[in-house]
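In order, the protein sequence lines correspond to chains D and L.
First residue of the first sequence: 1, per my numbering; consecutive thereafter.
First residue of the second sequence: 1001, per my numbering; consecutive thereafter.
Below is one structure, written out as structure tokens; comments come after it.
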Amino acid sequence: MKKASIYILFMILFTSCETVVEVDLQDGEKNLVVESYLEFSSKTNMGFAHVYLTESSAFYENNTPKAVSSATLTINDIFTLVEHPDSSGYYVSQDSIPAGAPEFELKITATIDEKEGAWIAKDTYTEIPSIDSIYYVYKPASPPFQDEGYYAKIMLVDPFEVSNFYHLDVFINDTLSFELNGGTKRSSILRDEYTNGSALDFEVNDAPLKYGDHLKVRLSSITEEVYFYYFNLYTLLTESNGIGSPPPFPLFGNVVSLNENFNNGLGGFQVRSVTQKTVSIQD
Amino acid sequence: MKRNLVYLILLFNSVIYAQEYFTLSGFIREAESSEDLIGANLVCENLKIGATTNVYGFYSMRLPEGTHSIRYSFIGYVDQVLEVSITEDEKVDVFLQTFAEQLSEIVLEDEASAKVRSIEMSVNRLETKAVKQLAAIGGEVDIIKSIQLLPGVTSVGEGANGFNVRGGAVDENLVLLDDMTLYNASHLFGFFSVFNADAIKDMKLYKGGIPAEYGSRVSSVLDVHQKEGNSNYTEASGGIGLISSRFMVEGPLWDESSFMVAARRSYGDLFLAFSKDSALKDNKLYFYDLNVKVNTWLGKKDRLFLSSYMGRDAFKFGSLFASSWGNETINLRWLHLFSDRTVSNLSYNFNDYDYLVSILPEGFEFDWKSNIRNHQLEYDVSYYHSNEHHFKGGLSVNKYDFEPGLIAPAADSSAIVTFDMRNKFAYETALFFQDEWKVSERLLVKAGLRWSSFYRMGSDTILVYENDAPITYDPSLAQYTNGSVVDSLFYGSNALVKSYSNLEPRLSVRYQIDESNSLKASYQKMNQYMHLITNASSPTPLDIWAPSGPFIKPLKSQQYALGYFYSSDNQMWDFTSELYYKRLDDITDYVDAADLEFNNHLETEILYGKGRAYGLELMIEKKLGRLTGWLSYTYAKTESMVSGNGAGGPGINLGKWYPNPQDKTHDLSLVAFYKLNNKWSFSSNFVYSTGIPTNYPEGKYEYEGIVVPHYSGSRNQERLEDYHRLDFAATLRPRENDRREWVFSIYNIYNRKNASSLYFRESEDFAGQTEAVKLSIFPIVPSVSYNFKF
């Protein structure tokens, strides 16, 4: 747990108040934003790629992000992604992609504001251990952070011989569970620096479950670079620009610009191996 | 006629030449308690020779044979004039009565003329009497908050840990309590300091002109001394407030001895014990301090002191996490009077700062501990050679043990594997010598030289990087990354890993124009071998200290200062003005998104650069009358420049100068005290300062449904709104000469929502819309406290 989190938590809990203010901001250049995933099933080792391209905008612009349409995308110069007819800016692979290559390369050519840009992103395939089991327990309230209810737990064994990094999505009744702040959901990330080789048995939901709730855990393996991208993203969103916090920073992932028209892309390209388990709370 | 005149002059000179000089020495103490008075003055009125007591209350002055009128004085005390007949070395101990009827209780410095006369510049002394009268948050008198009302002393905001002096970072201040080093001088993340004002006798802040006897930090020295305890009779005192209560007892043990014990504890969490909710009862939030001091004379020439301080913060939130941190220090000191002119001080200190964090969620329970510990031996000798020369020299040896981090499972079922960051070891030594030289009636010079050395020792394993570059820049990703490790070197126990050695000259000069005016100048060169690892605008209690070594270089500073001092003839008004310029080399700053926690290889996150700080400090004080107080104003700039250096790349802020987090262009404090009568007195503070630097985004984007502010590579180019606040306090003594009083205070009277931080995020109320949110800490806070003495 970041030390700054403890500090800010204390401050917010006990003393502070928030006021929305107007600030005069300077607008920067537009950047390409890449949400791209090449996900391999842990059972079949076949993958499916999906990419969502948008543009960055001015901070106070209150529109949904502008999709980047009609872009050209390939993986390893072999697999082509096509734009979904019903969803502008959303590209999917047409064929299944085998997990044979150790590294995958996504190439993007797109036009933003009548300027053509080219980008390339690389990531590496990693194995995911299987989830041995999923179960739930009832817990009484533990104020101020935990309400009473059911809490689901998963068990798995972290492989000893490699450094493992995990991405965790938890859905309660098909809705992403973890909250970044009021109204904003996020995933969770784990690393095995302090649990290498251990048998893991941990809770996966922070909001309590009740009878009839349905929970799905989606656990993915990610590379160290992708782990630190998420780590820095959550740090930027929760722990920057205040007393006891580090200064904010431009967060770029692994999307490299190939010409001078544009900076490196925001977001990133991830290669994941995915496993999942579900459980329902029954009487 | 001329020949007669010549004979007369020769005869007169031969008489003077034949006069013998003797030493007048002794201690100046408070009459009621026999506490030593630090910085008290004595003046031989007929010869215009002066002296000042040292930190032990000792003075020494050379006088010619004859009868002399000696005036002993100290602000807040009744002057005493003694006719002293000097025919041999004389020892005279003086006991001064407090001046109960004095209209002014403000003690910022010694008497006005002493400030003009003294060679010290860039120094402030604040008596606890004044501190106790200042309006304070929650009624908690606080020394650290009080010194921030002085020019050149600031903090980055409410709730910030520590303080900043002339733009320096928090870890650049050496905080001493009876010579014991305090590594974290704050409670509750910076809301309060560790100093129990009841236990404190004296404090002095050196912002510049730091004498050669001090070292180890580059920006300031806060030298705080505890009371010795009342040698004449036992008494107790204390106070009850809304946040904490305190109690102190002091008194004699046997002849020529005394003790002092003071304790303080906060009690917000005690109310949780009344909760019906069993889980809520288990939560904790408190801090405590315990100050102890014992001293005794062994004969006429030797005095022993034993001082100790223990303080701790603790909090626990349900089954989520628990944390505690604190200082434990002890000092054993032997004061020896070789003669009336030679005093030595041998001191052993043990200082320990540690923290513990317990993460409690089931399956991942672990304890995280960190610790810095040092043993220190110091010896110094003061020799009052003559009224023209006062020599002082000494040496110190420090042994450091750093335990930066140990993570261990806290339950059998925990999946956590033990992780231990390598311990580090070091020695720091220093030799110093200085002379305070009275060149003439007008010109006083204090010159010193300090030779400091630092030895980083094994056992340790040091990585070797390709091209000696622990950090490199990847231009394609536009990010700094870890350098390639090509080898590692193991150093056994007590093997020398790296050493540094530096000369640190110090110079202060005073030119006294007349009784009311003086000019002063100072120069100091200092080195710092210990660094608090943080990239936050204000450090937290959970940050670690790291020693210099093969990769982390010592921080170096040079400071120049020039000042003009004026005191009105009636000593009612003082005016001081100082210009300073400070240059820093080998400052460290961290790359964007630096990973500093549990990082055994901090060299992969650090870039080096230089810094500069300069400013103008003005202060005017009214010291007499019913209305007293001061107005201080500082214009200052503090900035850094960090380029890519050996790592390549743009560095920080594209390699251009950028403001430090503690940079405040304007800082103003207006402090007023008004004594209505013997029952009621009032105080008020108004503070104003430029907002601290901050960063604005230049755009936004969405990633996985989350709105993310996008920042450029610039650093600290914007400002929060200006900060200002008005506080008020009223003190009531129900009966004249009563030793009990009520203090009513209001912090932030007009309830200004001062910005502590500025966040940019998606609106919680309107999905898809973004907003800037100002975080404010303290609204209007009324409080009442009760102080007593018996």
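All C-beta atoms in this analysis are idealised placements derived from N, C-alpha and C, irrespective of residue type, glycine included.
#### Entry: From Gly1157(L), Asn1196(L), Asn1645(L), Met1421(L), residue whose alpha carbon lies closest to that of Thr1461(L)
Start at 1 with the first residue of the second sequence, and residue 1461(L) comes out as number 461. Checked all of Gly1157(L), Asn1196(L), Asn1645(L), Met1421(L); the closest Cα to Thr1461(L) is Met1421(L).
### Query
Span of the beta strand (DSSP E) holding Ala199(D)?
Within the first sequence, residue 199(D) is the residue found at index 199, counting from 1. According to the DSSP assignment, Ala199(D) belongs to the beta strand (DSSP E) that extends over 199 to 203.
### Query
Alpha carbon to alpha carbon, how far is Gly1852(L) from Thr64(D)?
Outside the displayed span of chain L (1001 to 1790) sits residue 1852(L), for which this structure offers no information.
### Query
Start and end of the beta strand (DSSP E) containing Asn1653(L)?
Indexing the second sequence from 1 puts residue 1653(L) at position 653. Unbroken run through Asn1653(L): none, as it is neither H nor E.
#### Entry: Inter-residue Cα distance where the pair is Glu105(D) and Ser36(D)
Looking up residue 105(D) in the first sequence gives position 105. Looking up residue 36(D) in the first sequence gives position 36. In this structure, the straight-line span from the alpha carbon of Glu105(D) to that of Ser36(D) is close to 11 Å.
### Message
For the pair the stretch 237 to 251 of chain D and the stretch 1699 to 1710 of chain L, tell me if three or more CB-CB distances fall below 8 Å.
### Response
Counting Cβ pairs under 8 Å, three or more are found: they touch.
### Query
Closer than 8 Å, CB to CB, is Lys1424(L) near chain D or not?
In the second sequence, counting from the first residue as 1, residue 1424(L) sits at position 424. Under the Cβ criterion of 8 Å, Lys1424(L) is not counted among the residues facing chain D.
### Task
Check the DSSP bridge columns for Lys1582(L) and list the partner residues they point to.
Numbered from its first residue, the second sequence carries residue 1582(L) at position 582. According to DSSP, Lys1582(L) bridges with Gln1559(L), Ala1613(L).
### Message
For a test of the three-state rule: what should DSSP assign to Ser1516(L), helix, strand or coil?
### Response
By one-based count along the second sequence, residue 1516(L) stands at place 516. Coil at Ser1516(L), not helix or strand.
### Message
Using C-beta distances below 8 Å, list every residue in its chain close to Val1781(L), excluding the 5 sequence neighbours before and after it, in chain order.
### Response
Taking the second sequence and counting its residues from 1, one reaches residue 1781(L) at position 781. Counting only Cβ-Cβ distances below 8 Å, and skipping sequence neighbours, we find Ile1137, Gly1138, Ile1746, Tyr1747, Asn1748.
#### Entry: Neighbouring residues, chain D, relative to Ser1193(L) (Cβ below 8 Å)
For the purposes of this step, residue 1193(L) is taken as the residue at position 193 of the second sequence. Going along chain D, no residue has its Cβ under 8 Å from Ser1193(L), so there is no contact; the nearest lies around 16 Å.
### Message
Tell me which residues share the same chain as Ala1160(L) and place their Cβ nearer than 7 Å to its Cβ, disregarding the 5 neighbours each side in the sequence.
### Response
Locating residue 1160(L) in the second sequence gives position 160, counting from the first residue. Only Gly1190, Ser1538 meet the Cβ criterion.
#### Entry: Beta bridge counterpart(s) of Gln276(D) as assigned by DSSP
The sequence position of residue 276(D) within the first sequence is 276, counting from 1. DSSP lists Arg218(D) as partners of Gln276(D).
### Query
Hey, is the stretch 1191 to 1204 of chain L in contact with the stretch 1670 to 1689 of chain L, meaning 3+ C-beta pairs nearer than 8 Å?
Not touching, per the Cβ criterion.
### Query
With distances taken from CA atoms, which of Glu1403(L), Gly1768(L), Phe1673(L) is nearest Ile1544(L)?
As a working mapping, residue 1544(L) is identified with position 544 in the second sequence. Taking only the C-alpha atoms, the option nearest Ile1544(L) is Glu1403(L).
### Query
Under 8 Å between the Cβ atoms of Tyr1590(L) and Gln1559(L)?
Within the second sequence, residue 1590(L) is the residue found at index 590, counting from 1. Within the second sequence, residue 1559(L) is the residue found at index 559, counting from 1. No.
### Query
In chain order, what residues of the same chain lie with their CB nearer than 6 Å to the CB of Tyr1400(L), ignoring the 5 residues before and after it?
In the second sequence, residue 1400(L) corresponds to position 400, counting from 1. Excluding positions up to five away in sequence, the list reads Asn1374, Ala1426.
### Message
Is it the case that the stretch 1403 to 1413 of chain L contacts the stretch 1431 to 1441 of chain L, given that we only count it when at least three CB pairs across the two stretches are under 8 Å?
### Response
No, they do not touch.
### Query
What is the rounded straight-line gap between the Cα of Trp1368(L) and the Cα of Ser1323(L)?
Taking the first residue of the second sequence as 1, we reach residue 1368(L) at position 368. Taking the first residue of the second sequence as 1, we reach residue 1323(L) at position 323. Cα-Cα distance, rounded: 9 Å.
### Distance between Leu1205(L) and Trp1573(L) (C-alpha atoms, nearest Å)
Here residue 1573(L) is taken as the residue at index 573 of the second sequence, counted from 1. Here residue 1205(L) is taken as the residue at index 205 of the second sequence, counted from 1. Spanning the two alpha carbons is a distance of roughly 21 Å.
### Query
For Ile243(D), which residues in chain L fall below 7 Å Cβ to Cβ?
As a first step, residue 243(D) is located in the first sequence; it is residue number 243 there, counting from the start. In chain order: Val1156, Gly1157, Gly1159, Ala1160, Ser1537, Ser1538, Ser1756, Ser1757.
### Task
Using a cut-off of 9 Å between C-beta atoms, extract the partners of Val1642(L) located in chain D.
Within the second sequence, the letter at position 642 stands for residue 1642(L). Those do not exist, as Val1642(L) stays about 12 Å from chain D at its closest Cβ, beyond 9 Å.
### Query
Using a C-beta cutoff of 8 Å, does Ile1243(L) count as contacting chain D?
Working through the second sequence from its first residue, we reach residue 1243(L) at position 243. Not closer than 8 Å to any Cβ of chain D, the Cβ of Ile1243(L) fails to qualify, so no.
### Task
Excluding the 5 residues preceding and the 5 following Leu1562(L) in the sequence, name in chain order all residues of the same chain whose CB lies nearer than 6 Å to its CB.
Along the second sequence, one-based indexing puts residue 1562(L) at 562. Ala1521, Leu1579, listed in sequence order.
### Query
Cα separation between Leu1489(L) and Glu1605(L)?
As a position in the second sequence, residue 1489(L) is number 489, starting the count at 1. As a position in the second sequence, residue 1605(L) is number 605, starting the count at 1. Their backbone Cα atoms lie some 20 Å apart in a straight line.
### Lys1284(L) to Leu1720(L) span [Cα, whole Å]
Walking along the second sequence from the start, residue 1284(L) turns up at place 284. Walking along the second sequence from the start, residue 1720(L) turns up at place 720. The C-alpha of Leu1720(L) is placed about 34 Å away from the C-alpha of Lys1284(L).
### Message
If the cut-off is 9 Å on Cβ atoms, which residues from the stretch 1763 to 1782 of chain L count as contacting chain D, listed in chain order?
### Response
So the close ones are Ser1763, Glu1764, Asp1765, Phe1766, Ala1767, Gly1768, Gln1769, Thr1770, Glu1771, Ala1772, Val1773, Lys1774, Leu1775, Ser1776, Ile1777, Phe1778, Pro1779.
### Query
Along chain D, which residues have their Cβ under 9 Å away from the Cβ of Ala1593(L)?
The residue labelled residue 1593(L) in the question sits at position 593 within the second sequence. Simply Phe228, Phe231, Asn232, Thr235, Leu236, Pro246, Phe249, Leu251.
### Query
Under 8 Å, do Val217(D) and Val170(D) count as touching if we go by C-beta distance?
Counted from its first residue, the first sequence places residue 217(D) at position 217. Counted from its first residue, the first sequence places residue 170(D) at position 170. Cβ distance < 8 Å, so Val217(D) and Val170(D) count as in contact.
### Task
Using only alpha-carbon positions, find the residue among His1187(L), Ile1210(L), Leu1188(L) that is nearest to Val1165(L).
Counting from 1 along the second sequence, the entry for residue 1165(L) is found at position 165. Nearest C-alpha to Val1165(L): Ile1210(L).
#### Entry: Ser1216(L) versus Phe1744(L), Ile1243(L), Trp1334(L), Ser1501(L), residue with shortest Cα-Cα distance
If you number the second sequence from 1, residue 1216(L) lands on position 216. Checked all of Phe1744(L), Ile1243(L), Trp1334(L), Ser1501(L); the closest Cα to Ser1216(L) is Ser1501(L).
#### Entry: Helix, strand or coil at Lys1132(L) according to DSSP, with G and I counted as helix
What you label residue 1132(L) is simply residue 132 of the second sequence in a count that begins at 1. Here Lys1132(L) sits in helix by DSSP.
### Query
Out of Leu1298(L), Leu1337(L), Tyr1267(L), Arg1303(L), which has the shortest C-alpha to C-alpha gap to Ala1314(L)?
Taking the first residue of the second sequence as position 1, residue 1314(L) is located at position 314. Looking at the Cα atoms, Tyr1267(L) is the closest of the given residues.
### Query
For Ala1478(L), which residues in chain D fall below 7 Å Cβ to Cβ?
Taking the second sequence and counting its residues from 1, one reaches residue 1478(L) at position 478. Residues of chain D whose Cβ lies closer than 7 Å to the Cβ of Ala1478(L) are, in chain order, Phe252, Asn264.
### Message
I need the DSSP call for Tyr125(D), collapsed to helix, strand or coil.
### Response
Within the first sequence, the letter at position 125 stands for residue 125(D). In this structure, Tyr125(D) counts as coil in the three-state DSSP scheme.
### Task
For chain L, find out if any of its Cβ atoms is closer than 8 Å to the Cβ of Val271(D); answer yes or no.
Stepping through the first sequence from its first residue, residue 271(D) is reached at position 271. Cβ-Cβ to chain L under 8 Å: no for Val271(D).
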